[in-house]
Amino acid sequence: RFARAQLSLALARHGVMEMDERVFAERIEAGDTLLVRFIIPRCPKCDALTPVWRSLSEEIPADAGVTVADVQCRQAQRLCGQFKIRSYPTVMYWNAESGEDG
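Following this line, the structure appears as structure tokens:
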């Protein structure tokens, strides 16, 4: 578990993190700042945003403490349902003050 968390942190510092429901919950509980894009496979609008999303993740300084992440809604259906994600891509932001509600 610790190794997976370390790997997640390393990935987050060097680009877009792939986030599942468990990692999302851990990051929210820790009060992390998250910028999350909810996507589905074969979505033209999601694909069009991908280069910009990657650039954004690389331009945010590592010491800013912001994790840029993707949530695949086909795999994380419960999480996407919790936030009533109905169109793709949807981008949401969380920080310590917003808590789980974003």
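So for the sequence shown, our numbering puts the first residue at 3; every next one is plus one. For every residue, glycine included, the Cβ atom is placed at its ideal position computed from N, Cα and C. A quick note: this is a predicted structure, and the numbers were derived from the prediction, not measured.
Query, Result
"Is it a yes or a no for the segment 78–88 touching the segment 47–64, going by three-plus beta-carbon pairs under 8 Å?", "no"
"To the nearest angstrom, how far is it from the Cα of residue 79 to the Cα of residue 91?", "14 Å"
"From the DSSP output, in three-state form, read off residue 39 for me.", "strand"
"Please give me, in chain order, every unbroken run of the beta strand (DSSP E) with length at least 3 that falls completely inside the segment 62–94.", "68–74"
"From the DSSP output, which residues share a beta bridge with residue 19?", "71"
"Say whether the segment 21–31 touches the segment 41–56, bearing in mind that this needs 3 or more beta-carbon pairs closer than 8 Å, one atom from each stretch.", "no"
"What residue from 54, 69, 48 has the CA that sits closest to residue 25's CA?", "69"
"Answer with buried or exposed for residue 103, where buried requires no fewer than 16 other C-beta atoms within 10 angstroms of its C-beta.", "exposed"
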